[in-house]
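*Asks:*
Chains as they are written, first to last, in our numbering: chain F, 1 to 157; chain H, 1001 to 1323; chain X, 2001 to 2386.
1) Taking 8 Å as the CB-CB limit, is residue 2344 (chain X) close to chain F?
2) Closer than 9 Å between beta carbons: that is the criterion. Which residues of the segment 19-32 of chain F meet it against chain H?
3) Would you decide whether residue 2030 (chain X) is buried or exposed? Buried here means 16 or more other CB atoms lie within 10 Å of its CB.
4) Is the beta carbon of residue 113 (chain F) sitting closer than 8 Å to the one on residue 52 (chain F)?
5) For residue 38 (chain F), name the three-state secondary structure that DSSP assigns.
6) According to DSSP, is residue 1303 (chain H) helix, strand or coil?
7) Roughly how many whole angstroms lie between the Cα atoms of residue 63 (chain F) and residue 108 (chain F)?
8) Helix, strand or coil, according to DSSP, for residue 1228 (chain H) in the structure here?
9) Would you tell me roughly how many angstroms separate the C-alpha atoms of residue 2098 (chain X) and residue 34 (chain F), rounded to the nearest one?
10) Which residue's Cα is closest to the Cα of residue 2112 (chain X): X:2178, X:2169, X:2060 and X:2080?
11) Does the segment 2302-2321 of chain X come within contact of the segment 2103-2112 of chain X, defined as at least 3 CB pairs closer than 8 Å?
12) Who pairs with residue 87 (chain F) in a beta bridge, going by DSSP?
13) Thinking C-alpha only, which one of F:17, F:13, F:111 and F:134 is nearest residue 69 (chain F)?
14) Would you please verify whether the beta carbon of residue 14 (chain F) is less than 8 Å from any beta carbon of chain X?
15) Go to residue 2336 (chain X), then tell me how far its beta strand (DSSP E) extends in each direction, as first and last residue.
16) List the residues of chain H whose Cβ lies closer than 8 Å to the Cβ of residue 2208 (chain X), in chain order.
17) Under the DSSP definition of a beta bridge, which residues are partnered with residue 2324 (chain X)?
18) Exposed or buried, which one is residue 1302 (chain H) when buried takes at least 16 other CB atoms within 10 Å?
19) Please confirm whether residue 2133 (chain X) and residue 2149 (chain X) have their CB atoms less than 8 Å apart.
20) Looking at C-beta atoms only, is the number of pairs between the segment 1221-1235 of chain H and the segment 1153-1172 of chain H that lie closer than 8 Å three or more?
21) Please list, in chain order, the residues of the segment 2150-2164 of chain X that have any C-beta partner in chain F closer than 9 Å.
22) Can you tell me which of the three DSSP states residue 51 (chain F) falls into?
23) Determine whether the Cβ of residue 1041 (chain H) lies closer than 8 Å to any Cβ atom of chain F.
24) Taking Cβ positions only, does residue 1304 (chain H) come closer than 8 Å to chain F?
25) Is there at least one Cβ from chain X nearer than 8 Å to residue 1295 (chain H)'s Cβ?
26) Along the alpha helix (DSSP H) that carries residue 136 (chain F), what are the first and last residues, could you check?
27) Rounded to a whole number of angstroms, what is the C-alpha to C-alpha distance between residue 1243 (chain H) and residue 1096 (chain H)?
28) If we ignore side chains and look at the alpha-carbon of each, how far apart do residue 2001 (chain X) and residue 2055 (chain X) end up?
29) Check the DSSP bridge columns for residue 2041 (chain X) and list the partner residues they point to.
30) Check whether the Cβ atoms of residue 76 (chain F) and residue 139 (chain F) sit closer than 8 Å, and answer yes or no.
31) Let me know the secondary structure DSSP gives residue 2247 (chain X) once reduced to three states.
32) Less than 8 Å between the C-beta atoms of residue 2237 (chain X) and residue 2205 (chain X), yes or no?
33) Going by the DSSP bridge assignment, what does residue 2176 (chain X) pair with across the sheet?
34) Establish whether the CB of residue 71 (chain F) and some CB of chain X are separated by less than 8 Å.
35) Along the segment 1258-1291 of chain H, what residues have a CB closer than 8 Å to any CB found in chain F?
36) Looking at C-alpha atoms only, which residue of H:1205, H:1106 and H:1091 is the closest neighbour of residue 1024 (chain H)?
Right under this line is the structure:
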């Protein structure tokens, strides 16, 4: 018998052993919508607005550092202008365009007031791109509903 | 009492319907089985969501989906050739069943030249492939059809020669007779070379990996049925899986002793053996990579053909010495 | 030959040394095609089954990366650079960080350097696993692809635990890493390496790379000689498969590659089999490097050094930095005028350079081998088009 026939037969038999062995094992598939896949601590989705636990007011002071640090420039924040014509220390609006967000965490790192946090809720898909535009109330509500998590290791710049 | 010719016609129609039902049900089960086997080989679950035990209703859902699809026709294709190709693919696969005994006396027409009839009818599949490839007016389809044509021609020959050795050994072309001659010993043992050649050839004829060059997904998208959709594509699939069933039943009849087996009725044994062979074909499909066209030709003409000729010579010498 | 004039003349056929050429057909493989690894279009001229010419047409994934980052500050470029080679994003981040660190002379703590090396090699392992799967699919075997994805998933889970994202990490910062790895991460990494070495890798070998059909399909196909590979500027496994032992990790050590021992696998003939085997061996080398890095890892240390200046401005001038990514030498040319961001950035993408060899590899081969050759180049379209 030529050597190549033997070689081919042995190698093909080895391959079939692997597939049969795997066939008799338990499948590794997880049925996603029924069994939600848990995220590891530190998983980040979009930045959400934190509120003070006692007063319930947002920590944000509308300083705009997050907007300046954002690479795709998708954070739109403006401070309230009072009756006296001076800018106040809280935001008039805070909008986030999720459709362009890179979830890079740079805005959280830029914030000096601990007003932003990365949320772990990643099931934010929508049928219309306009639904991916989040305003201040929605972002604050997301922080309350979705457990936001600190970055892994607990260390922060 | 009905006139004789009408009885004859009605019986024919009834038999045809029964065969069609048997083939369709089996093909649907096979499509589901292929998905389950491939799924479990790949550590997946396979179809599950549609319902039934282990998602067995998936194939029915697919048929409904395919029936509801748009009947697409390539604008510059050849309409008649294009329209006829799926039927030409499915009809021979069905016709083989009229001479294929599923159990003792469980056959539509027990032909004396059954084996010859099967060999002749299965050659038609190359025609359907070529019609589909040519009628689509698509380069992928054309290359796929050319490949499949060359492949089917060159594997037809070793397969037929393997069956010639079987005929030499048993002395008959009637399949029921061949099964009857295997009561002492299954033909796979004295005719192992013929079995090997026939089974490899059958996998190649069926266009299954590692010989699925006609529909080589990674380079030809879907080969000769690239342009088909909806129910026409389903006819190709049905034909393919019917062919898988026929060749597995044929191998189990000719080489594995057919309906000989203890306890269970004969037709159950045939189906058990056939489904075992089908599983092996699926197992091979989901394990091996695809060969190249020149390697395929080499294997067919330089290995299988000499092997089958050698087998005929050996069988002839053995028969002469024993006689 | 110019784009658009795809008709093969008799002279051109004669130049190829082919007699009795039949009417060539031009076929568009892609951009919608099962195996173009994204959105590559190959304008292929075929004589029956034989490839006369394969012309890659790129640009379907062009995002204008180099122009966009011109207005950005250096830290902002890191997450966007991830999108270049999205299968091995760590290398892109490292490259941007390294170019700034080298220019400013920022020294990293040992822990940060070792962790960076660990992350890079883990990502290389994952990237080569994906290559294994896609190459298997290119030559017609589907099951190895699923196995590769199955094993890759654990590696991705490890990266997600440390960085917070599966694929586009945005994890490296100028001066180190964003955060330290969580407790128990190193132990799990060792488990993963054991699993890969003892269970997954033998499966790959038995199922595909040891298979006779695979060897017959790959041997002597798509040959790139040593001289051609050098002339085209190929790097990475494509160059090493042709027998040139060039590896940036050895030639210009960075990270802690100077302190660990590893081999640079080299092929002999430069065919598909050699390139495939170089990658298979590199997976084991990566495992070896990570094991040594775990030994080297100091218990204490700042992962983000405090010696980074508050305002990052590169002095005026040109800077070139390079790394060894899974696909070859990835380089970044930065032109600075002294501002907060670059005046110009040029990304040297190894996929782009290696892709130029496709036509050379595929000519005269069968159309199935064209796809196989494309598989062994291991292109990432995000990097080719940028």
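Ideal placement from N, C-alpha and C gives every residue a C-beta, glycine not left out.
None of these values were measured; they are calculated from a predicted model.
*Replies:* In this structure, then:
1) No, residue 2344 (chain X) does not count as interfacial toward chain F.
2) Listed in sequence order: 19, 20, 22, 23, 24, 25, 26, 27, 28, 29 and 31.
3) Buried is the call here.
4) Contact: no.
5) Looking at residue 38 (chain F) - three-state DSSP - the assignment turns out to be coil, as it is neither helix nor strand.
6) Of the three classes helix, strand and coil, the one that applies to residue 1303 (chain H) here is helix, per DSSP.
7) The straight-line gap from Cα to Cα measures roughly 13 Å.
8) In the three-state DSSP reduction, residue 1228 (chain H) falls in the coil class, being neither helix nor strand.
9) Per the coordinates, the alpha-carbon of residue 2098 (chain X) lies some 44 Å from the alpha-carbon of residue 34 (chain F).
10) Checking every option, the nearest Cα to that of residue 2112 (chain X) belongs to X:2178.
11) Flag = yes, the segment 2302-2321 of chain X and the segment 2103-2112 of chain X touch.
12) DSSP lists F:81 as partners of residue 87 (chain F).
13) Checked all of F:17, F:13, F:111 and F:134; the closest Cα to residue 69 (chain F) is F:111.
14) At least one chain X Cβ lies under 8 Å of residue 14 (chain F).
15) Where residue 2336 (chain X) is concerned, the enclosing beta strand (DSSP E) stretches over 2328-2336.
16) Residues of chain H passing the Cβ test: 1289.
17) X:2329, per the DSSP bridge assignment.
18) Looking at its Cβ environment, which holds fewer than 16 other Cβ atoms inside 10 Å, residue 1302 (chain H) is exposed.
19) Yes.
20) Touching, no, given that fewer than three Cβ pairs across the two stretches are closer than 8 Å.
21) Taking 9 Å as the Cβ-Cβ cut-off, the segment 2150-2164 of chain X approaches chain F at 2150, 2153, 2157, 2160, 2161, 2162, 2163 and 2164, given in chain order.
22) Reduced to three states, the DSSP call for residue 51 (chain F) is strand.
23) Output row for residue 1041 (chain H): interface = yes.
24) Cβ-Cβ to chain F under 8 Å: no for residue 1304 (chain H).
25) Contacts with chain X at 8 Å (Cβ-Cβ) include residue 1295 (chain H).
26) From DSSP, the alpha helix (DSSP H) with residue 136 (chain F) extends over 136-145.
27) Within the model, the alpha-carbon separation for residue 1243 (chain H) versus residue 1096 (chain H) is close to 9 Å.
28) Residue confidence is low: residue 2001 (chain X) scores 40 on pLDDT, short of 50, so the model does not pin down where it sits. Its coordinate-derived value is still stated next. Roughly 10 Å between the two C-alpha positions.
29) For residue 2041 (chain X), which the question treats as bridged, DSSP gives the partners X:2057.
30) No, the pair does not count as a contact, with Cβ atoms beyond the cut-off.
31) Coil at residue 2247 (chain X), not helix or strand.
32) Residue 2237 (chain X) places its beta carbon 8 Å or farther from that of residue 2205 (chain X).
33) The partner list for residue 2176 (chain X) (beta bridge, DSSP) reads X:2173 and X:2304.
34) Yes, because at least one Cβ of chain X sits closer than 8 Å to the Cβ of residue 71 (chain F).
35) Within the segment 1258-1291 of chain H, the qualifying residues are 1283, 1284, 1286, 1287 and 1288.
36) It is H:1091.
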